[in-house]
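Colleague: Following this message is one structure expressed as structure tokens.
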Amino acid sequence: LRCRPPHYSVEPVPLPFADKDVAQGMTVWALGHPYNQGWDICRGIIRHPTRVINVWQRPQHVYGLDVPINPGNSGGALVNAEGELVGVPNAGAQGANNFTFAIPKQYVEALLKKAGVGWTRG
Numbered sequence: 014l015r016c017r018p019p020h021y022s023v024e025p026v027p028l029p030f031a032d033k034d035v036a037q038g039m040t041v042w043a044l045g046h047p048y049n050q051g052w053d054i055c056r057g058i059i060r061h062p063t064r065v066i067n068v069w070q071r072p073q074h075v076y077g078l079d080v081p082i083n084p085g086n087s088g089g090a091l092v093n094a095e096g097e098l099v100g101v102p103n104a105g106a107q108g109a110n111n112f113t114f115a116i117p118k119q120y121v122e123a124l125l126k127k128a129g130v131g132w133t134r135g
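Start counting the sequence shown at 14; every next residue gets the next number (our numbering).
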């Protein structure tokens, strides 16, 4: 018996950027397609709002998370309880349990602005 993931028809919805900064212990949700299994959502907390990891031979400022981030979740949305974008999940420590990271919203906003993508707050 072969099982297929369910088909989800999801209309794109722009998420507003959060006005407030994240805080340690804040509950967040990661939206994505882990292992190509269809849309999924995982809840966790901000472990640390100002971590620095060394990726591509230079330091990257990120949020430390305990949210499970698997292939397919990275690049999705990290949202707060109000449904506002606070970041983009991007990495995890291999062999660790939920030792994951996200790009902070200010870097996402700056990148969109630089790319000329029309995105507004709220």
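Yeah, the Cβ is synthetic: ideal placement off N, Cα and C, and Gly gets one too.
Values in this document were obtained by computation on a predicted structure and should not be read as measured data.
#1: Could you tell me whether the segment 42-53 touches the segment 63-73, where touching means 3 or more Cβ pairs closer than 8 Å?
#2: Quick check on DSSP: helix, strand or coil for Gln73?
#3: CA-CA distance, Asp53 and His61?
#4: So Asn111 packs on Gly57, CB below 8 Å; how close in whole Å?
#5: Helix or strand or just coil, what does DSSP make of Val80?
#6: Quick check: the Cα distance between Pro117 and Gln50, rounded to an integer number of angstroms?
#7: When the distance is taken between beta carbons, is Val80 closer than 8 Å to Thr113?
#8: Look at the Cβ atom of Phe30, then the Cβ atom of Glu95, and state whether they are nearer than 8 Å.
#9: Taking its Cβ as the centre, do 16 or more other Cβ atoms sit within 10 Å of Ala128, making it buried, or is it exposed?
#10: Closest by CA to Gln73, which one among Glu24, Val130 and Tyr120?
Modeller: Let me lay it out:
#1: no
#2: strand
#3: 24 Å
#4: 7 Å
#5: coil
#6: 26 Å
#7: yes
#8: no
#9: exposed
#10: Tyr120
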